[in-house]
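The sequence shown lines up with residues 8 to 283 when you count with my numbering. What follows is a short report on a single structure.
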Amino acid sequence: MSIITLTTDFGTKDHFVGSVKGTIYSELPDARIVDISHHISPFNITETAYILKNAYKSFPEGSIHIIGVDSELNEENKHIALKLDNHYFICANNGVISLLANEIKPEKIVEINIHEHIATSFPVLDVFVKVACHIARGGTLEVVGKIIPDFKRLVELQPSISTDNKTIFGNIIYIDNYGNSISNISNKIFQEIGKGRDFEITANKYTFKKIYSKYSEFVDFSVPKELRQKDGSKLALFNSANYLEIAMYRSNLNTVGGASSLLGLNYRDTLTIKFI
């Protein structure tokens, strides 16, 4: 039986997550359900995309991922199911797939059409679960929808490049649990555009001329401990997801704070990398 994952902005206080899981178990008693996150900021598509992009690859091929963020059905927010990278995704066609599919083209996309038999104000429960269980039983996408050529794309999930190929313009797309500010600039695009040139990162009023590959690389362990870089010092690095992150060394939101608060780098704020 395939794994079914849940990524939502439902939180865990209310009944929503429990109802979704209960309905899946009612249809598939031997289902395996994994929570990726239920603490997405409400309706935040970019945050959803970032979390899911970095989580789904850890699951076995054939896993089914239900995305319950901004999922209410309307004329501009249809429901889709797709196969991408040998995984299945069920979500609203609101652009959430943009970050996942910026390098991998979906094998098949369908616009879900089973709504004509279902009147609901809770589509994750009444529609997405039915589609997920259908797929888990070995059903095909064509049974639950009509094939469509593409999905809605969010421009803000992708950085832009100046016409002279000297500057990358990016945005903060996610603030993690440590208050670190994560951008949409990948190591891949940095290497492709930079070609080994020197650079300067500008984020708010702060500049960086070095990018680290891990947090501990920031520390010079050859000097006495009392003279090393202090907790709360700012740095830039490519994180484990290979995205440019502006961070505070050993940040703690309860004490020294994080980059989002101390440097004023919040969701959708801009940053640039200028190559010299």
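Just so you know, even glycine gets a beta-carbon here, dropped at the ideal spot from N, CA and C. None of the values given here were measured: they were computed from a predicted structure.
For residue i: DSSP bridge partner residues
i: A210; result: Y213, L278
i: E118; result: I87, K153
i: E252; result: I189, L244
i: I179; result: S190
i: F96; result: H72, L89
i: I11; result: I40, I71
Three-state secondary structure (DSSP) of residue i
i: V91; result: A small fix is needed here, since residue 91 is Leu in this sequence, not Val. Reduced to three states, the DSSP call for L91 is strand.
i: A38; result: coil
i: G146; result: coil
i: T174; result: strand
i: F50; result: coil
i: G102; result: coil
i: K241; result: strand
i: I218; result: coil
i: I283; result: coil
i: I111; result: coil
i: L270; result: coil
i: N81; result: strand
i: S167; result: strand
Alpha-carbon spacing of residue i relative to residue j, whole angstroms
i: G69; j: V41; result: 14 Å
i: T279; j: L272; result: 13 Å
i: N191; j: S229; result: 34 Å
i: F17; j: I47; result: 8 Å
i: F176; j: S167; result: 5 Å
i: N178; j: I189; result: 8 Å
i: L80; j: N101; result: 10 Å
i: S78; j: D227; result: 48 Å
i: V162; j: S169; result: 15 Å
i: F50; j: T277; result: 21 Å
i: F129; j: K232; result: 55 Å
i: Y222; j: R257; result: 8 Å
i: D92; j: G186; result: 31 Å
i: L59; j: A99; result: 14 Å
Neighbourhood of residue i by C-beta distance below 6 Å, restricted to the same chain and skipping five residues each side
i: S26; result: L132
i: F334; result: The structure shown has nothing for residue 334, since the chain only spans 8 to 283.
i: K281; result: T174, E207
i: Y57; result: I180, Y181
Proximity below 8 Å, CB of residue i to CB of residue j
i: L251; j: F197; result: yes
i: H86; j: I119; result: yes
i: G75; j: T12; result: no
i: V136; j: T30; result: yes
i: A108; j: L148; result: no
i: T55; j: V103; result: yes
Beta-carbon proximity list for residue i, same chain, < 7 Å, skipping 5 on both sides
i: Y3; result: Shown here, the chain extends from 8 to 283; a query on residue 3 therefore has no answer.
i: N285; result: Since the first residue shown for the chain is 8 and the last is 283, residue 285 is missing from the structure and cannot be characterised.
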